[in-house]
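Colleague: Here it is, the structure, as structure tokens.
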């Protein structure tokens, strides 16, 4: 029998420093964190402030990054928690600001989709339960795998799939209604 | 191509599509924007993906270093100012003059310094008196 000798690589070659991990894993997802915060808070300045706080929080805990399986899902979970903390402390402000962002309720979905498709989608999403809305955003906008969505929202894989299917069904029903309305006119 | 897109759409709405298939659908609608309701839906999703903050995020590291540097700079400026004030106060020590001529000269210089300030005020008060006189004349003429 012949013995084979392996050379164990140095720790520095295998593992990145916490600072490098922060630069390579967290900074590139800052815009994703912002969009997710915006989908919850509906207010650009608040979403920006919340994400800035999250980045500071993650920076403080950057030593944990090497032990985390999906830093992106971790960053998204921190963003979500920070958003709901913000809503708790600024409840009144959020409600009053959301009112001003709402699309004109007199417009039908058909009229709204022709005028502003983003506002139409926003209206459909607002009618969904919170959990469905979050799953939808993480999958369609941020393109996260099911497992990462489950980790971010502390849900099981099957729950994620059910939420996404229900959100899509609701959107499809709205599209079909619009198509029927367009043909009728 | 059309049949492939239809197949992907069916999978998508049934909740059976993979991330790669969804990316294929998005790429198709990005290349071929449609004004039909479903095309508008995809346009809205693609638009949502492009949302970015108006102002870039500050790196948590640089911001803390900047604030540390500004605190250090403020402390240094404060210390220098304090040293200068203390040195100036020390220089203002008492002194005695034996020669009466020299004492007279020092007193004269000090009084001249005070009176120059008073004279400045005097010129302003003269101007104010002139204005008052003119105002009185105007009111008398009325």
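Protein chains in written order, with the numbering used here: chain A, 1 to 185; chain B, 1001 to 1142.
Ideal Cβ positions, reconstructed from N, Cα and C, are used throughout, including at glycine.
How would you call residue 40/A, buried or exposed, if buried means at least 16 neighbouring beta carbons within 10 angstroms?
Modeller: buried
Colleague: Do three or more CB pairs link the stretch 160-174 of chain A to the stretch 64-73 of chain A at distances below 8 Å?
Modeller: no
Colleague: So does the stretch 1042-1049 of chain B actually touch the stretch 131-151 of chain A, counting three or more Cβ pairs closer than 8 Å?
Modeller: yes
Colleague: According to the neighbour-count rule (16 or more other Cβ atoms, all chains shown, within 10 Å of its Cβ), is residue 1043/B buried or exposed?
Modeller: buried
Colleague: Tell me which residues share the same chain as residue 59/A and place their Cβ nearer than 7 Å to its Cβ, disregarding the 5 neighbours each side in the sequence.
Modeller: 22
Colleague: Given residue 1033/B, which residues of its chain have a CB within under 7 Å of its CB, disregarding the five upstream and five downstream residues?
Modeller: For residue 1033/B, where only same-chain residues beyond five positions count, the Cβ hits under 7 Å are 1039 and 1043.
Colleague: Buried or exposed, going by whether 16 or more other CB atoms sit within 10 Å of the CB of residue 1069/B?
Modeller: exposed
Colleague: Tell me the rounded alpha-carbon separation between residue 1004/B and residue 57/A.
Modeller: Rounded to the nearest angstrom, the two C-alpha atoms are 45 Å apart.
Colleague: Once DSSP output is grouped into helix, strand and coil, what is the label at residue 48/A?
Modeller: helix
Colleague: Note down, in chain order, every chain A residue with its Cβ under 7 Å from the Cβ of residue 1057/B.
Modeller: 30, 51, 52 and 55
Colleague: Mind checking residue 178/A: buried by the 16 CB within 10 Å criterion, or exposed?
Modeller: buried
Colleague: Taking residue 1044/B as the query, report the chain A residues whose CB atoms sit under 8 Å from its CB, ordered along the chain.
Modeller: 117, 118, 120 and 121
Colleague: Cβ closer than 8 Å: which chain B residues qualify as neighbours of residue 72/A?
Modeller: Ordered by position in chain B, no residue passes the 8 Å Cβ test against residue 72/A, which lies about 14 Å from the chain.
Colleague: Let me confirm a value: residue 84/A is counted as buried when at least 16 other C-beta atoms fall within 10 Å, else exposed. Which label applies?
Modeller: By the 10 Å Cβ count, residue 84/A comes out exposed.
Colleague: Report the rounded CA-to-CA distance for residue 30/A versus residue 1023/B, giving the unit in angstroms.
Modeller: 21 Å
Colleague: Assign residue 1041/B to one of three DSSP states: helix, strand, or coil.
Modeller: helix
Colleague: Between residue 82/A and residue 53/A, is the Cβ-Cβ spacing less than 7 Å?
Modeller: yes
Colleague: Evaluate residue 50/A with the Cβ neighbour count: other Cβ atoms within 10 Å of its Cβ, from every protein chain shown; 16 or more gives buried, anything less gives exposed.
Modeller: buried
Colleague: With a cut-off of 8 Å on the beta carbons, I'd call residue 124/A and residue 170/A a contact; round off their distance for me.
Modeller: Between residue 170/A and residue 124/A the Cβ distance is about 7 Å, and since that is below 8 Å, they are a contact.
Colleague: What's the C-alpha gap between residue 87/A and residue 1080/B?
Modeller: 47 Å
Colleague: Would you kindly work out how many angstroms separate the C-alpha atoms of residue 37/A and residue 1078/B, rounded to a whole number?
Modeller: 42 Å
Colleague: Among 35/A, 55/A and 61/A, which one has its Cα closest to the Cα of residue 1054/B?
Modeller: 35/A
Colleague: Please look up how many angstroms separate the CB atoms of residue 55/A and residue 1060/B, rounded, as I've assumed it's under 8 Å.
Modeller: 5 Å
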